[in-house]
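Sequence lines, in order, name chains G, P, F and U.
For the first sequence, this note's numbering begins at 1 and goes up steadily by one.
For the second sequence, this note's numbering begins at 294 and goes up steadily by one.
For the third sequence, this note's numbering begins at 587 and goes up steadily by one.
For the fourth sequence, this note's numbering begins at 880 and goes up steadily by one.
There are 4 protein chains.
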Amino acid sequence: MDEKYGNALHGGGSNMLGLRIGVLVAVCAALCAAIVLPAARPAPQASPQGQASLAPAALANDPKLIEDLVYANRILYQQDVLDGFGHVSVRSDKDPSHFLMSRSMAPALVTSNDIMEYDRDGEPVDARGRNSYVERYIHAAIYRVRPDVKAIVHSHSPDIIPYSVTGTTLRPVYHVSAFLRLGAPIFDTQEGFGDTDMLIRDNKLGDALAKVLGNSGVALIRGHGFVAVANSIPIVVYRAIYTQTNARVQAEGMKLGTIKYLTPGEAEKAQAIVEATVGRPWELWKSQVGKIQ
Amino acid sequence: MDEKYGNALHGGGSNMLGLRIGVLVAVCAALCAAIVLPAARPAPQASPQGQASLAPAALANDPKLIEDLVYANRILYQQDVLDGFGHVSVRSDKDPSHFLMSRSMAPALVTSNDIMEYDRDGEPVDARGRNSYVERYIHAAIYRVRPDVKAIVHSHSPDIIPYSVTGTTLRPVYHVSAFLRLGAPIFDTQEGFGDTDMLIRDNKLGDALAKVLGNSGVALIRGHGFVAVANSIPIVVYRAIYTQTNARVQAEGMKLGTIKYLTPGEAEKAQAIVEATVGRPWELWKSQVGKIQ
Amino acid sequence: MDEKYGNALHGGGSNMLGLRIGVLVAVCAALCAAIVLPAARPAPQASPQGQASLAPAALANDPKLIEDLVYANRILYQQDVLDGFGHVSVRSDKDPSHFLMSRSMAPALVTSNDIMEYDRDGEPVDARGRNSYVERYIHAAIYRVRPDVKAIVHSHSPDIIPYSVTGTTLRPVYHVSAFLRLGAPIFDTQEGFGDTDMLIRDNKLGDALAKVLGNSGVALIRGHGFVAVANSIPIVVYRAIYTQTNARVQAEGMKLGTIKYLTPGEAEKAQAIVEATVGRPWELWKSQVGKIQ
Amino acid sequence: MDEKYGNALHGGGSNMLGLRIGVLVAVCAALCAAIVLPAARPAPQASPQGQASLAPAALANDPKLIEDLVYANRILYQQDVLDGFGHVSVRSDKDPSHFLMSRSMAPALVTSNDIMEYDRDGEPVDARGRNSYVERYIHAAIYRVRPDVKAIVHSHSPDIIPYSVTGTTLRPVYHVSAFLRLGAPIFDTQEGFGDTDMLIRDNKLGDALAKVLGNSGVALIRGHGFVAVANSIPIVVYRAIYTQTNARVQAEGMKLGTIKYLTPGEAEKAQAIVEATVGRPWELWKSQVGKIQ
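Laid out in structure tokens, this is it:
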């Protein structure tokens, strides 16, 4: 076959023609492949704004940290935990008093070029004209007092709001949300701050939220949303998603009858085993997002 | 044909052949790209009807006004606020006593060619055989008495109907729907008009609705739907979407316990900050709609 | 590169080569186009079974009748009114004692080749080995006693079942479902037939159902589903869809408070105007289904 | 045309060129076809891990058994019964004391290469480094005591959890879920095992679950999920899907009023007829999954 192949090539124009056709059709096939991969939720068009002159890889020692952070944004959007609002951050692996988060934009559109570095007070290290999330102080404050926390999600999930405004405690209804055994306290900006615009817009509010969070994995913010914290990106994404699922299941259970929640012993064991296998859902969620341009 | 075909090929036919291959593959690639962009909600096929001989751009000084109006239609359909029914309008920037709205058709299919101009009484300026929405008087009446209002949405949202038929007041449960602090009064056509077909089909009904709306950002219409008003298209679209979300969250909260709503002070501050940042969700929603043919 | 290109073309085979490339790429483009058109709900693959030797067009004087019937199947599937079960029929315009319906298969996959003709007793006119729906007697019985009815839908909608098993009457909550003013009686096979398999599998059961339906536009079948009837395909599809929507809205309203339903006068007027404009949603639903292969 | 065709072929290089073009375009067309077929739920990318040196067909006498098992995984994922967790198995047709199930991975990604064989104690026959589901003992234990059972599904369905934690019995509300007449007992790991991690991780727990299951078609596992069993893959998939649907419908019905469930006589007859026609929904669900790579 190689000889005939050589003859065909030697035929002159067929060489270049075949090559060009092969390239053109491969491009078409690649475009078709690009359609197979992405998710069912409307795929928005990224609109880059503000070019970072430092390659994002320089923001972390491990480039996978940046990659996972970008995936976290996309996954949380696709899993309906984040919409146009909300954000996710990771503690820096270069300077543990710093953290990384996207510039202020919709999580659905975040790429590695959008990741910025923040210092311990939540101020951007190298803004270069890019806007930051107003509520970055949620992240800064929690990183300051929780050395065990490596990643944080803030969401306005409609499923959580009813709990936050009725003072209902989220509790682990089933094994996948066993981490709720650590508590789901409710922070109310009214207490201590009176009438505010409800946003955690400075370190004082951030500190008050972190204080209420204590050692829990989740805290609700009355009339606003919730935060989830964990020691890795896959686990914090998992916790954000299953806090939301537990909220729906618990509400339905409360309408059916009296719920027998996980006992402290059950929840402790279940949390350990479920979070040890977080790789499986994490890989599935990443594959559902597909390749990120 | 074969002979001419052969001649064309022979005569530097490579030029034509390469060109034709390029065009055919580009067509295939363009079709593939057309799939990448549109949204997950079934993408309907536009069916133009009635050619406007005046270019739509002439309907407004700022062509972006028309473009935003078209996007508003598509976004509200994609966000499940409008279905086959409902409409959105914008006050004319050429003549503030006039307003612009699509001809009578499903919002999902609206293009700039479908936009028409209406006078202060809700009558089309230049119909040219095109049908108008029966309920354009909703828009005409509100524009007449609310000089601050620049855009209006009318929707039959199933999430809102339960509030309208039980006399339950929509109130701001969380910060994103703080604009509900302005009120969500319920207009009942029974009162003053007895048995009607429930549609706001003339200026008398429109005036009665506008009177109940007062200075609110939202009014419910019993057994029919609701209207949202604002001083810009992005904000009225935002309000329509979050009125619907608040309705779901409030209903769930009421099943869980007693809701602590936003205080007037919280709502005033939250509304200001949230509506100042409406650009972020607006851009995301536009990107989810993608390019409009 | 051009010279070698020219050489390859000069080899004669370029004529056929260009033609073959054009055809192959056009096929790829056509496949891509086939993707642009269909809907977001998983698009199943039709599996033809049993070739009709009579062209389906011969089953009706107006070929549009067949086309609308096929669209009705696809629309009702896409709008979540039908799933693997359920069916829709239309009275024959050749012989008004006959009716047309698909052979026994999932509505999502129905094409014009699957349409069969049934006589006044619900028996196939020309089966030719094709299976019929067990419950065709629902249709036969109603056509026999309701000369005004030209189209019928039978669905197992989960939203309707709760009403059928609790004896709760569906009533028009808002204008789009005003046709419910005609009644939504509940037929229970237990009464008169004792323990059955719940299916309307013969004319006796069909007659009993038709008797309970009376002059209503909708009847529920306890622990089974519902039927909707109307004088045209677009209206019966509309009624089936909005019976389901009304069921959801009414259930939510009943949880919020006491519902003020449409008065008889309001419902009569609203039904008239809404059903006069059924063309708009009908065209939108058809465009969402897209081209049917 | 034939002569020139012959010339082209005779030309040597064009033969290979034409062949290569045909192959490249067919690849593109196949990729396009792959888009037409799959479903609206985000289509994840399979990530093979661990090559089986035994062709999977050797695991069963009937290759269709393997094919149906793979489809069952994909269908249950698409129908929202399984997510990243959960699994489905089938009794081996070579050795009835053995069963077949995917290696430990997300059901959405399962292919025939991932199927493994397990012995009567739930241990892999030929692991070759591949991980097994921790909860395979659910399947092993039930196969041991239920010779009639040929297929099993285990799911964490959020719709079922509320029943499992409130001790509410799932009962057949309508004909499609008549199989619930066989019972839906609730197994609670607390009873007999105290605080565990909630997983059925050994044969003792499996035996206890199988004992509670008894002769039912479904058993709930408190704070965990449920299992469905049947004598074929299509029927067990059907039962898993409709257990979930019945859960939603029953919950809604209980909020509306007092439910009149199917009588034992109705349920027995309905189950027989509905399960005799499981082929129709099964074929529809397979076509919605489309071709599996």
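All C-beta atoms in this analysis are idealised placements derived from N, C-alpha and C, irrespective of residue type, glycine included.
Bear in mind the structure is a predicted one, so any value in this text is a computation, not a measurement.
Neighbourhood of residue i by C-beta, 6 angstroms cutoff - its chain only, sequence neighbours within 5 removed
i               : result
P234 of chain G : V278 and W282
S563 of chain P : Contrary to the premise, residue 563 of chain P reads as Ala rather than Ser in this sequence. These residues qualify, in order along the chain: H468 and A471.
G708 of chain F : R722, Y723 and A726
K286 of chain G : Y71
Beta-carbon contacts of residue i that lie in its chain and below 7 angstroms, excluding the five residues immediately before and after
i               : result
P850 of chain F : R767
N717 of chain F : R689 and S690
Y828 of chain F : V762 and S763
F486 of chain P : L498
N659 of chain F : V674, S688, P693 and V696
Y997 of chain U : H977, F978, M980, P1003, V1004, R1015 and A1019
I186 of chain G : S164, G167, L220 and R222
Which of helix, strand or coil DSSP assigns to residue i
i                : result
P682 of chain F  : coil
P281 of chain G  : helix
A523 of chain P  : strand
V81 of chain G   : coil
I273 of chain G  : helix
I493 of chain P  : coil
H10 of chain G   : The predicted position of H10 of chain G is uncertain, since its pLDDT is 40 and thus under 50; a value taken from the coordinates is nonetheless stated next. Looking at H10 of chain G - three-state DSSP - the assignment turns out to be helix.
V466 of chain P  : coil
G460 of chain P  : coil
I259 of chain G  : coil
A1130 of chain U : helix
G880 of chain F  : Because chain F in this structure spans residues 587 to 879, residue 880 of chain F falls outside the shown range and cannot be described.
I585 of chain P  : coil
A796 of chain F  : helix
G192 of chain G  : helix
A240 of chain G  : helix
A219 of chain G  : strand
Same chain only: Cβ atoms within 8 angstroms of residue i, ignoring 5 sequence neighbours per side
i                : result
I728 of chain F  : V735, I738, G792, L795, A796, L799, V813 and V815
T1047 of chain U : P1041
L955 of chain U  : L961, G965, V967, P986, V1032, S1034, V1116, A1119 and I1120
E653 of chain F  : S698
Beta-carbon neighbours of residue i, restricted to chain P and to distances below 9 angstroms
i               : result
H156 of chain G : Y467, H468 and V469
A108 of chain G : L577, S580 and Q581
G851 of chain F : G487, D488 and T489
Proximal residues of chain U, C-beta to C-beta of residue i below 7 angstroms
i               : result
A826 of chain F : Under the 7 angstroms cutoff, chain U gives no residues; its nearest Cβ is about 17 angstroms from A826 of chain F.
E252 of chain G : P1041 and A1130
Neighbour list for residue i in chain G, Cβ cutoff strictly below 8 angstroms
i                : result
M984 of chain U  : R280
R1101 of chain U : K260
Residue from the options with nearest C-alpha to residue i
i                : options                             : result
N1094 of chain U : U:Y997, U:P1026 and U:G1008         : U:P1026
I259 of chain G  : U:P1003, U:P975 and U:V1044         : U:V1044
E191 of chain G  : G:I221, G:L170 and G:A184           : G:I221
I1133 of chain U : U:P942, U:V949, U:P1003 and U:V1052 : The sequence given here places Met at residue 1133 of chain U; Ile does not occur at that position. It is U:V1052 whose Cα lies nearest to the Cα of M1133 of chain U.
V1128 of chain U : F:L645, F:G811 and F:G803           : F:G811
D373 of chain P  : P:V427, P:R413 and P:H447           : P:H447
V860 of chain F  : F:G672, F:V822 and F:L842           : F:V822
T489 of chain P  : F:S743, F:L848 and F:D788           : F:L848
R437 of chain P  : P:S385, P:Y364, P:N539 and P:E559   : P:S385
K387 of chain P  : P:N539, P:N354, P:A540 and P:V511   : P:N354
Where residue i meets chain F, residues with beta-carbon distance less than 7 angstroms
i                : result
A1149 of chain U : D783 and M784
Beta-carbon neighbours of residue i, restricted to chain P and to distances below 8 angstroms
i               : result
L842 of chain F : P455, Y456, T459, T461, A544 and M547
Residue i: contacting residues in chain U (beta-carbon distance under 9 angstroms)
i               : result
T243 of chain G : Per Cβ cutoff of 9 angstroms: no residues; T243 of chain G is ~13 angstroms from chain U at best.
H725 of chain F : Going along chain U, no residue has its Cβ under 9 angstroms from H725 of chain F, so there is no contact; the nearest lies around 18 angstroms.
8 angstroms Cβ cut-off: residues of chain U touching residue i
i               : result
L182 of chain G : Near L182 of chain G there are no residues of chain U at all, since even the closest Cβ is about 16 angstroms away, more than 8 angstroms.
R248 of chain G : P1037
At 4 residues or longer, what runs of the alpha helix (DSSP H) sit wholly inside the segment 92-165 of chain G? Listed in chain order, the alpha helix (DSSP H) elements of length 4 or more contained wholly in the segment 92-165 of chain G are 136-145.
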